[in-house]
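*Asks:* Just so we're aligned: the sequence shown equals residues 550 to 837 in our numbering.
Even for Gly, the Cβ is constructed at its ideal location relative to N, Cα and C.
Before I ask anything, here is the structure I am working with.
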Amino acid sequence: MNAIEITGMYKQFTGKRMTKVDALKGLDLTIAAGEVFGFLGPNGAGKSTTIKLVMGLLRPTSGRAQIMGMDSCQAESRRHVGYLPENPAFYDYLSAEEYIAFVGSQFRMDKVLLTQRSEEVFKRLDLWEARKRPIRGYSKGMVQRVGLAQALVHDPDVYILDEPMSGLDPIGRSLVKDIILDLRIRGKCVFFSTHITDDVEKVCDRVGVINKGQLLVVESVETILQRGLEGYTVFLTNPDGKKEELFVKKAELQKCIEQSVILHQSVEKIEPCRKNMETFFLEIVAQQ
Ligand SMILES: Nc1ncnc2c1ncn2[C@@H]1O[C@H](COP(=O)(O)OP(=O)(O)OP(=O)(O)O)[C@@H](O)[C@H]1O
Ligand SMILES: [Mg+2]
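Following this line, the structure appears as structure tokens:
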């Protein structure tokens, strides 16, 4: 079964003075169970709109979304979803511990399991020390961590995260990447938006690029990186000990190695030179 299915999704907003904004123009996208999918797009592309529609927080102008085979208009479809909104805001007079207890009760978690899972997520997200303080005293990054904690605590099968690395320091960002990789190992489905290409390259199975409400491409990360392979840098040491660095095209690697044997050079290292995800993303968006 597909974890998320979006079919012919169209969303038009009516702004001030009846101006119309076509935020999504017929989106079709399927995310498999157990897949980590990165939803890339520049500001205003339609990422959060898509996510809100999938979560049933917005009504589509036309089209529909399903989570685990259930229409996303049905509250039941969200039972197995961990959701991180774009700008998480909580009852800030509560402490993180109280808020997570409230979330756990909404998901009807067993009390013993809730205590155990809360401890796990607080420790993982480095909120353990702060857990008894009211959220109103938290920094931006700490609030984002509470957002992640409430998405993780009930151990759902599907995670829908709107810019999970946003507002986090480099340690926090790396932590979130590790958490997503762990979820991937455990066979969970993660659908997350970002405009940071490096995040996608490290953790995703597939990537979708959206711009101006249109899905421009959906590709596996492996295919993108493989296609972007331009050649290799070969690090050599000459018989006199002098180091040399050569750039060789993809098709010329074999010839280069044969040549180095003839010249009695030793090959120290071969590094692939490839276009990264950032170049791929910029090229796709620029083509539109
Ligand atoms: N409630 C709303 N009313 C009117 N227009 C809206 C509303 N919400 C979103 N939009 C418009 O829809 C388009 C897509 O917005 P969306 O928030 O989905 O972008 P995004 O890809 O999440 O961008 P960002 O990276 O900045 O978060 C934008 O043009 C935005 O102005
Ligand atoms: Mg957004």
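Rounded to the nearest angstrom, what separates R755 and F741 at their Cα positions?
*Replies:* As a working mapping, residue 755 is identified with position 206 in the sequence shown. As a working mapping, residue 741 is identified with position 192 in the sequence shown. In a straight line, the C-alpha of R755 is about 11 Å away from that of F741.
*Asks:* Can you tell which of T746, V797 and K792 has its C-alpha closest to the C-alpha of I773?
*Replies:* For this step, residue 773 is matched to residue 224 along the sequence shown. It is T746.
*Asks:* Report the CB separation of I709 from K596 in whole angstroms; it is logged as a contact under 8 Å.
*Replies:* Taking the first residue of the sequence shown as position 1, residue 709 is located at position 160. Taking the first residue of the sequence shown as position 1, residue 596 is located at position 47. 11 Å between Cβ atoms; not a contact.
*Asks:* Starting from M691, trace the alpha helix (DSSP H) both ways and give me its first and last residue.
*Replies:* Taking the first residue of the sequence shown as 1, we reach residue 691 at position 142. M691 -> alpha helix (DSSP H) spans K689 to L701.
*Asks:* Quick one: measure Cβ to Cβ for L663 and G653, integer angstroms, because I've assumed they're closer than 8 Å.
*Replies:* What you label residue 663 is simply residue 114 of the sequence shown in a count that begins at 1. What you label residue 653 is simply residue 104 of the sequence shown in a count that begins at 1. That pair is a contact at about 4 Å.
*Asks:* Assuming T598 and K569 make a contact with CB atoms under 8 Å, what is their CB distance in whole Å?
*Replies:* The residue given as residue 598 occupies position 49 in the sequence shown. The residue given as residue 569 occupies position 20 in the sequence shown. Actually they do not touch by this definition, with Cβ atoms about 14 Å apart.
*Asks:* Straight-line CA distance for R733 to K681?
*Replies:* Within the sequence shown, residue 733 is the residue found at index 184, counting from 1. Within the sequence shown, residue 681 is the residue found at index 132, counting from 1. If you take the alpha carbons of R733 and K681, they lie about 31 Å apart.
*Asks:* Taking E827 as part of the alpha helix (DSSP H), name the residues at either end of that continuous run.
*Replies:* Residue mapping note: residue 827 aligns to position 278 of the sequence shown, counting from 1. First-last of the alpha helix (DSSP H) with E827: M826 to Q836.
*Asks:* I need the straight-line Cα distance from R776 to R823, nearest angstrom please.
*Replies:* Here residue 776 refers to the residue found at position 227 when the sequence shown is read from its first residue. Here residue 823 refers to the residue found at position 274 when the sequence shown is read from its first residue. Answer to the nearest angstrom: the Cα atoms are 8 Å apart.
*Asks:* Just to check, is the beta-carbon of V758 closer than 7 Å to a non-hydrogen atom of ligand 1?
*Replies:* If you number the sequence shown from 1, residue 758 lands on position 209. The answer is no for V758.
*Asks:* Excluding sequence positions up to five away, which residues of its chain have a Cβ less than 6 Å from the Cβ of A572?
*Replies:* The count along the sequence shown starts at 1 and reaches residue 572 at position 23. Cβ within range, chain order: K560, F562, G595, T598 and G762.
*Asks:* Once the 5 residues before and after D748 are set aside, which same chain residues still bring their CB inside 6 Å of it?
*Replies:* On the sequence shown, position 199 is the one that residue 748 refers to. So the qualifying residues of the chain are M714.
*Asks:* Looking at M617 and V707, is the spacing between their C-beta atoms short of 8 Å?
*Replies:* Locating residue 707 in the sequence shown gives position 158, counting from the first residue. Locating residue 617 in the sequence shown gives position 68, counting from the first residue. Closer than 8 Å, so yes.
*Asks:* Give the DSSP bridge partners of A614, in chain order.
*Replies:* One-based indexing of the sequence shown puts residue 614 at position 65. Answer is I555.
*Asks:* Skipping 5 residues on each side, what residues in its chain have a beta carbon closer than 6 Å to that of P705?
*Replies:* Stepping through the sequence shown from its first residue, residue 705 is reached at position 156. H629, V630 and G631.
*Asks:* Is R722 helix, strand or coil by DSSP?
*Replies:* As a position in the sequence shown, residue 722 is number 173, starting the count at 1. In the structure shown, R722 sits in a helix (DSSP, three-state: H, G or I).
*Asks:* Run the CB neighbour count on P637, radius 10 Å, all protein chains shown included, and call it buried at 16 or more, exposed below.
*Replies:* Working through the sequence shown from its first residue, we reach residue 637 at position 88. By the neighbour-count rule (16 or more Cβ atoms within 10 Å), P637 is buried.
*Asks:* Which value, in whole angstroms, describes the spacing of the CA atoms of K804 and N825?
*Replies:* Numbered from 1 along the sequence shown, position 255 holds the residue referred to as residue 804. Numbered from 1 along the sequence shown, position 276 holds the residue referred to as residue 825. For K804 and N825, the distance between alpha carbons rounds to 26 Å.
*Asks:* Identify every residue that forms a DSSP beta bridge with S769.
*Replies:* For this step, residue 769 is matched to residue 220 along the sequence shown. S769 is bridged to R755.
*Asks:* Collect the residues with a C-beta less than 7 Å away from any heavy atom of ligand 2 and give them in sequence order along the chain.
*Replies:* Counting every residue whose Cβ lies closer than 7 Å to a heavy atom of ligand 2, we get K596, S597, E635, D711, E712 and S742.
*Asks:* Who does I580 pair with in a DSSP beta bridge?
*Replies:* Residue 580 sits at position 31 when you count from the first residue of the sequence shown. DSSP, once it has assigned bridges, lists I553 as partnering I580.
*Asks:* Use the C-beta contact count for Q814: other C-beta atoms within 10 angstroms, 16 or more gives buried, fewer gives exposed.
*Replies:* For the purposes of this step, residue 814 is taken as residue 265 along the sequence shown, with counting starting at 1. Counting Cβ neighbours within 10 Å, Q814 comes out buried, since at least 16 surround it.
*Asks:* On the three-state DSSP scale, how would you describe G593?
*Replies:* Mapped onto the sequence shown, residue 593 falls at position 44. It is coil, neither helix nor strand.
*Asks:* Looking at the strands, I want to know which residues DSSP matches up with F588.
*Replies:* Working through the sequence shown from its first residue, we reach residue 588 at position 39. S742 and G757.
*Asks:* Is the closest heavy atom of ligand 1 to the C-beta of A594 under 7 Å?
*Replies:* Along the sequence shown, read from residue 1 onward, the residue named residue 594 stands at position 45. Yes, ligand 1 has a heavy atom inside 7 Å of this Cβ.
*Asks:* Determine which residues share a DSSP beta bridge with R823 and list them.
*Replies:* What you label residue 823 is simply residue 274 of the sequence shown in a count that begins at 1. According to DSSP, R823 bridges with L778.
*Asks:* Within 10 Å of its beta-carbon, does F639 have 16 or more other beta-carbons around it, so buried, or fewer, so exposed?
*Replies:* Translated into the one-based positions of the sequence shown, residue 639 becomes position 90. Its Cβ being crowded by 16 or more others within 10 Å, F639 is buried.
*Asks:* Tell me the DSSP secondary structure of G575 in three-state form.
*Replies:* Working through the sequence shown from its first residue, we reach residue 575 at position 26. G575: strand per DSSP, three-state reduction.
*Asks:* Looking at C-alpha atoms only, which residue of I728, I811, E820 and S621 is the closest neighbour of F784?
*Replies:* Locating residue 784 in the sequence shown gives position 235, where the first residue counts as 1. Of I728, I811, E820 and S621, the residue nearest in Cα terms is E820.
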